[in-house]
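Chain order of the listed sequences is S and B. Going by this note's numbering, the first residue of the first sequence is number 1, and it counts up by one from there. Going by this note's numbering, the first residue of the second sequence is number 1001, and it counts up by one from there. Please read the structure below before turning to the comments.
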Amino acid sequence: LAKTTQPISMDSYEGQEVNITCSHNNIATNDYITWYQQFPSQGPRFIIQGYKTKVTNEVASLFIPADRKSSTLSLPRVSLSDTAVYYCLVGDGAYSGGGADGLTFGKGTHLIIQP
Amino acid sequence: GAVVSQHPSWVICKSGTSVKIECRSLDFQATTMFWYRQFPKQSLMLMATSNEGSKATYEQGVEKDKFLINHASLTLSTLTVTSAHPEDSSFYICSARDRGTGSNEQFFGPGTRLTVL
Chain S
1 LAKTTQPISM DSYEGQEVNI TCSHNNIATN DYITWYQQFP SQGPRFIIQG
51 YKTKVTNEVA SLFIPADRKS STLSLPRVSL SDTAVYYCLV GDGAYSGGGA
101 DGLTFGKGTH LIIQP
Chain B
1001 GAVVSQHPSW VICKSGTSVK IECRSLDFQA TTMFWYRQFP KQSLMLMATS
1051 NEGSKATYEQ GVEKDKFLIN HASLTLSTLT VTSAHPEDSS FYICSARDRG
1101 TGSNEQFFGP GTRLTVL
């Protein structure tokens, strides 16, 4: 599984757009990039997944450059409730970040949103 | 959407006792469930993979005799922490994969906070 590197923490303000970048220099050809969100004392929640270019859903966008060695999770107009830890995972297989195995979580990015 | 529940949500026990944590897929069948452990301010660490009807596969460094996993049905997996000690205090999270969709997406439970006194 490709190792990922994210900023340990970030902070922003309500209403702003937040971009969290993840580096995965050793990403393999059949690896997908998946982002999860975790609130304190809760299980992780799937946010978005992509393979290349741009993916958008109702909560976020994921930008992946052509070389796929990094990816950026974009949260539009954040609110206080977006304060959480965001994990970037890389692995083969749709929605898994780890193929047939369990997921390998890195340290994640602790995002703090202030009023 | 797919829902996974855990019971109990929190438990406090004395050192040396055993604690059972249940993980249920409420609206889908799960042939594979995963158990994770998360210490304060740390990331999730995969403990084991639980397959219905077969023995669990444990990650390196996880004692299979201490963390007993049973996946007796397509909707239930249990994790039993035997002879618990204070260092076993942690947040235990399970996830499940929907057998019906063929997707590898994992749905996470809300977690169980274990405190061993």
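Using N, Cα and C, we set each Cβ at its ideal position, and we do this for glycine too. What you are looking at is a predicted structure, and each value in this text was computed from that prediction instead of being measured.
With a cut-off of 8 Å on the beta carbons, I'd call residue i and residue j a contact; round off their distance for me.
{"i": "Tyr1092 of chain B", "j": "Leu1114 of chain B", "result": "6 Å"}
{"i": "Ala1074 of chain B", "j": "Arg1099 of chain B", "result": "Note that residue 1074 of chain B is Leu in the sequence shown, not Ala. The pair is a contact, with the Cβ atoms about 7 Å apart (cut-off 8 Å)."}
{"i": "Leu111 of chain S", "j": "Thr34 of chain S", "result": "Their Cβ separation, rounded to whole angstroms, is 17 Å, which puts Leu111 of chain S and Thr34 of chain S out of contact at 8 Å."}
According to DSSP, what are the bridge partners of residue i?
{"i": "Thr1049 of chain B", "result": "B:Phe1034 and B:Thr1057"}
{"i": "Arg1097 of chain B", "result": "B:Thr1032 and B:Gln1106"}
{"i": "Ala49 of chain S", "result": "Note that residue 49 of chain S is Gln in the sequence shown here, rather than Ala. S:Thr34."}
{"i": "Glu1022 of chain B", "result": "B:His1007 and B:Thr1078"}
{"i": "Leu1114 of chain B", "result": "B:Val1011 and B:Ser1090"}
{"i": "Ser1073 of chain B", "result": "B:Leu1076"}
{"i": "Arg91 of chain S", "result": "Correcting the residue type first, residue 91 of chain S is Gly in the shown sequence and not Arg. Looking at the DSSP assignment, Gly91 of chain S forms a beta bridge with S:Tyr32."}
According to the neighbour-count rule (16 or more other Cβ atoms, all chains shown, within 10 Å of its Cβ), is residue i buried or exposed?
{"i": "Pro76 of chain S", "result": "exposed"}
{"i": "Val18 of chain S", "result": "buried"}
{"i": "Thr1078 of chain B", "result": "buried"}
{"i": "Gly91 of chain S", "result": "buried"}
{"i": "Leu62 of chain S", "result": "buried"}
{"i": "Ser96 of chain S", "result": "Because the pLDDT of Ser96 of chain S is 46, which lies under 50, any placement of that residue in the model is unreliable, and the number read from its coordinates should be weighed accordingly. Per the 10 Å Cβ criterion, buried."}
{"i": "His81 of chain S", "result": "Per the sequence shown, residue 81 of chain S should be read as Ser rather than His. It counts as exposed."}
{"i": "Pro1086 of chain B", "result": "exposed"}
{"i": "Gly98 of chain S", "result": "Low confidence applies to Gly98 of chain S: its pLDDT is 44, below 50, so where it sits in the model is not reliable, and the reading given next is rough at best. The residue is buried, with at least 16 neighbouring Cβ atoms inside 10 Å."}
{"i": "Asp1065 of chain B", "result": "exposed"}
Just curious, the beta strand (DSSP E) that residue i is in, first and last residue?
{"i": "Ser1005 of chain B", "result": "Val1004 to His1007"}
{"i": "Tyr13 of chain S", "result": "Ser9 to Tyr13"}
{"i": "His110 of chain S", "result": "Thr109 to Gln114"}
{"i": "Ser23 of chain S", "result": "Val18 to Ser23"}
{"i": "Phe63 of chain S", "result": "Ser61 to Ile64"}
{"i": "Ser74 of chain S", "result": "Ser70 to Leu75"}
Report the option in the options whose CA atom is closest to the CA atom of residue i.
{"i": "Lys1041 of chain B", "options": "S:Ile8, S:Ser12 and S:Ile48", "result": "S:Ile8"}
{"i": "Pro65 of chain S", "options": "S:Phe39, S:Gln38 and S:Leu73", "result": "S:Leu73"}
{"i": "Ser1090 of chain B", "options": "B:Ala1072, B:Ala1002, B:Ile1012 and B:Thr1032", "result": "B:Ile1012"}
{"i": "Gly1061 of chain B", "options": "B:Ile1069, B:Glu1052, B:Lys1055 and B:Leu1046", "result": "B:Leu1046"}
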